[in-house]
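First to last, the sequence lines map onto chains F and Z. Going by the UniProt record's numbering, the first sequence runs without a break in its numbering and finishes at 284. Going by the UniProt record's numbering, the second sequence runs without a break in its numbering and finishes at 200. Each residue gets a CB set at the ideal place from its N, CA and C atoms; glycine is no exception. On a predicted model such as this, the values are computed, not experimentally measured, just so you know.
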Amino acid sequence: MKDSLSLLARIPAHPDSRCWFLAWDPSGTLLASCGGDRSIRIWGKEGDDWVCKSVLGEGHQRTIRKVAWSPCGSYLASASFDATTCIWKKSQDEFEVRLSLLILTQGWANRLVRGLHLGREIVWQAMNAHEIGGWGVGGGEGSDWIKCCSGLWDSAACSACRTALIAVWCIAGVVCSGADPSWKCICTLSGFHTRTIYDVAWCRLTGALATACGDDAIRIFEEEPLSNPQQPTFALTAHVPRAHSQDVNCVAWNPKEPGLLASCSDDGEMAFWKYHAWIAGVLL
Amino acid sequence: APENIFPRPSAGSGRVSGLSTPRKRARLYSFPWVPVAMVGPAPGGGSPLENANPLIYRRSGERPVTAREEDDELPDSIDDREIFDLIRSINDPEHPLTLEELNVVEQVRVKVNDAESTVVVEFTPTIPHCSMATLIGLSIKVKLIRSLPERFKVDVHITPGTHASEHAVNKQLADKERVAAALENSHLLEVVNQCLSARS
């Protein structure tokens with residue numbers, strides 16, 4: 001497990017403030033970060049260094065909590081505590097605000113959220129007042145789940161929870177009356193994290209699962225090669241205990257370069273990591 | 001101004017002064033001796049107080065300085081007493097009293113682990129339906145976040161069994177995002193800062 005995740009660079013992205021979220025653009029060449037200093041920074045690689053290409057500072061009056069790129073890569077959406085969402089258009093190397101929306105539900109500006117069925121109860125992602133319309137909460141479990149993301153397989157999703165569990169879900173082959181597929185929990189990973197898990201990210205290229213935790217650590221899990229797809233087992237393949245000096249808020253895999261992981265933290269810093277996957281006991 | 005008979009140590013003395021010691025500052029209220037206290041109505045009327053008759057407790061004295069602490073060469077680790085000293089003088093939002101005087105915070109309910117950089121504070125609202133519980137918890141949390149090194153993880157929650165909605169309040173206080181958003185609300189921030197300001 002040693003040297004599985006190595007640090008490439010550490011950048012003070014949002015000095016004197018916290019960095020809340022990171023998003024790679026679809027081409028994998030630009031990284032957007034947003035933070036408590038009410039600005040969005042776009043980072044690109046020049047040679048071996050990551051440099052700040054633009055600072056988008058005029059869009060919001062309060063902390064910017066999340067950013068997301070459109071699938072075409074020309075637009076960037078940002079969501080803020082000031083209850084607005086800004087859509088930014090990229091022209092050449094500049095960004096300008098195209099649209100500022102006051103909306104209560106965050107459409108595609110948020111990570112894709114899947115509704116998860118637990119029998120009759122639907123677990124959903126609730127973050128403050130940003131509620132995804134159309135899903136309900138049963139049994140009070142909803143607000144304990146912070147994040148869910150779509151995984152390598154379309155039918156698998158992973159959710160992270162405040163009480164430091166990760167659950168992996170799969171569409172069950174169950175006939176149901178409604179239009180929504182029925183999900184069942186096929187694996188739970190517990191005992192690895194000591195504090196709240198703030199983010200999970202499943203790499204579409206390698207299948208590795210990265211987690212960002214409130215104990216300042218980043219962990220990577222991979223499905224064991226011979227495990228049953230219906231009941232998979234995951235192994236911890238990398239653990240960096242002091243990835244940042246404060247809580248790690250977000251981890252994001254680069255969509256084009258396998259093994260490149262970006263992370264950000266309450267200390268305002270961003271870090272880039274290279275993950276070396278293990279296959280059959282051999283370090284790649 | 002009426003002589004205030006509530007026993008509080010005068011600044012720097014380290015002793016708890018008796019009933020006969022006059023207070024330095026004029027007070028609007030007069031408080032009899034612990035454990036029963038009667039707080040008069042708020043001046044100028046106003047909305048009824050949440051808890052009009054809080055019990056008032058005696059403040060503990062100043063901390064004795066040990067020889068080890070006086071030695072500048074040896075680093076002092078942060079201990080329970082130091083955290084308690086930070087939070088004991090936070091004002092209650094309703095009464096001109098500190099959280100220590102209302103026994104909302106007690107030193108035994110503070111647990112610090114300097115090596116692991118964790119602080120856990122349990123606070124006890126004065127009544128089980130206190131609607132100020134979230135605000136008090138937030139004030140404690142903000143005071144500690146502002147005063148301690150950034151490496152510390154601060155957990156503030158209600159003493160189990162002492163509040164009707166303790167689960168909901170604890171969940172809000174543990175939610176980092178909600179706390180950050182709340183502190184960007186200028187009105188709420190002002191109220192919190194008032195609770196944290198030193199009484200003049």
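query: Compute the Euclidean distance between the alpha carbons of Pro22/Z and Arg58/Z, then round it to the nearest angstrom.; result: With a pLDDT of 42 at Pro22/Z, under the threshold of 50, the modelled position of that residue is not reliable, and the figure given next carries that caveat. Taking the straight line joining both Cα atoms gives about 16 Å.
query: With a cut-off of 8 Å, does the C-beta of Arg62/F fall near any C-beta of chain Z?; result: yes
query: What does the alpha-carbon distance come out to for the pair Leu188/Z and Glu257/F?; result: 45 Å
query: Could you pull out every residue in the same chain whose Cβ sits closer than 8 Å to the Cβ of Val175/F, ignoring the five residues on either side in sequence?; result: Low per-residue confidence applies at Val175/F: pLDDT is 42, beneath 50, and the placement is therefore not dependable, though the value from the model is reported in the following sentence. Closer than 8 Å at Cβ, skipping near neighbours: no residue.
query: Closer than 8 Å by C-beta to Ser131/Z: which residues in its own chain qualify, once you throw out the five before and the five after it? Chain order, please.; result: Glu50
query: Listing by chain order, which chain F residues have their CB less than 8 Å from the CB of Ala164/Z?; result: Simply none; closest approach about 16 Å.
query: Among Asp48/F, His14/F, Lys66/F, Ser27/F, whose alpha-carbon lies nearest the alpha-carbon of Val55/F?; result: His14/F
query: Which same chain residues, not among the five before or five after Pro26/F, have their C-beta less than 7 Å away from its C-beta?; result: Trp69, Pro71, Gly73, Pro255
query: From Glu82/Z to Arg219/F, what does the alpha carbon distance come to, in whole angstroms?; result: 34 Å
query: So which residues on chain Z does Gln246/F lean against when the C-beta distance must stay under 7 Å?; result: Glu150
query: Whole angstroms are fine: how far does the CA of His244/F sit from the CA of Ser265/F?; result: 7 Å
query: Tell me the rounded alpha-carbon separation between Leu260/F and Arg204/F.; result: 12 Å
query: Output yes if chain Z places a C-beta closer than 8 Å to the C-beta of Phe21/F; else output no.; result: no
query: Give, in chain order, every residue of the UniProt domain "MIP18 family-like" (81-157) of chain Z whose Cβ lies closer than 8 Å to some Cβ of chain F.; result: Glu150, Arg151, Lys153
query: Out of Asn228/F, Ala210/F, Phe21/F, state which residue places its alpha-carbon closest to the alpha-carbon of Ile40/F.; result: Phe21/F
query: Could you say which of Ile90/Z, Arg63/Z, His95/Z lies nearest to Asp80/Z if we only look at CA atoms?; result: Arg63/Z
query: Take the Cβ of Pro96/Z as the centre, count every other Cβ of all protein chains shown within 10 Å, and call the residue buried at 16 or more, exposed below.; result: exposed
query: Beta-carbon of Arg195/F versus every beta-carbon of chain Z: anything under 8 Å?; result: yes
query: Looking at chain F, is there any beta carbon in it that lies within less than 8 Å of the beta carbon of Glu184/Z?; result: yes
query: By the criterion of Cβ-Cβ separation under 9 Å, what are the contact partners of Asp267/F in chain Z?; result: Glu150
query: Can you tell which of Asp267/F, Leu7/F, Ala238/F, Gly35/F has the C-alpha that lies nearest to the C-alpha of Thr211/F?; result: Ala238/F
query: Just how far apart, CA to CA, sit Met38/Z and Thr66/Z?; result: With a pLDDT of 43 at Met38/Z, under the threshold of 50, the modelled position of this residue cannot be trusted; read the value that follows with caution. C-alpha separation (whole angstroms): 38 Å.
query: Thr192/F versus chain Z: which residues are under 7 Å apart at the beta carbon?; result: First, the residue type needs correcting, since residue 192/F is Phe and not Thr in the sequence shown. Those do not exist, as Phe192/F stays about 17 Å from chain Z at its closest Cβ, beyond 7 Å.
query: Anything in the region 172-183 of chain Z with a Cβ closer than 9 Å to a Cβ of chain F? List those residues in chain order, please.; result: Ala174, Asp175, Lys176, Glu177, Arg178, Ala180, Ala181
query: Just to confirm, are Leu144/Z and Val119/Z a CB contact at a threshold of 8 Å?; result: yes
query: Buried or exposed: Val51/F, going by 16 or more other Cβ atoms within 10 Å of its Cβ?; result: exposed
query: For Val104/Z, name the three-state secondary structure that DSSP assigns.; result: coil
query: Would you kindly check if the distance between the Cβ of Arg195/F and the Cβ of Lys176/Z is under 8 Å?; result: no
query: Which residues, in order along the region 226-237 of chain F, keep a beta-carbon less than 9 Å from a beta-carbon of chain Z?; result: none
query: Using a C-beta to C-beta distance shorter than 8 Å, which residues of chain Z count as neighbours of Phe81/F?; result: Ala180, Ala181, Glu184
query: Assuming Tyr275/F and Leu5/F make a contact with CB atoms under 8 Å, what is their CB distance in whole Å?; result: 5 Å
query: Express the C-alpha separation of Asp215/F and Phe81/F in angstroms, rounding to a whole number.; result: 25 Å
query: So for Ser78/F, helix, strand or coil by DSSP?; result: strand
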